[in-house]
Amino acid sequence: MAGKVDKNKRYIIIDDIFTTGSTVLAAAECLKKNGAKHVEIAVIARHGRPKL
């Protein structure tokens with residue numbers, strides 16, 4: 000991760016395709032671990048079929 004995390008800012012992670020969620024979850028965990036208090040995730044498209 001480059002730079003410092005400002006705990007007073009809101010962060011949004013935008014992913015084009017959500018398959019397993021591992022990429023965005025890793026990014027969110029990294030931000031949280033470095034002090035971010037507000038992390039949101041936005042996804043353009045979801046790949047795969049939801050489990051019933």
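Residue numbers (numbering that gives the first Met the number 0): 0 to 51. Quick reminder that beta carbons are idealized off the backbone N, C-alpha and C, glycines included. Keep in mind that this is a model prediction, so the values were computed, not measured.
- Taken atom to atom, the span from the alpha-carbon of D15 to that of L30 is near 19 Å.
- Straight across, the Cα-Cα distance linking I12 with K36 is about 14 Å.
- Collapsing the DSSP output to three states places A27 in a helix.
- The shortest CA-to-CA distance from K8 to any of R48, A27, V38 and S21 is the one to V38.
- Here the alpha carbon of V42 sits roughly 13 Å from the alpha carbon of A27.
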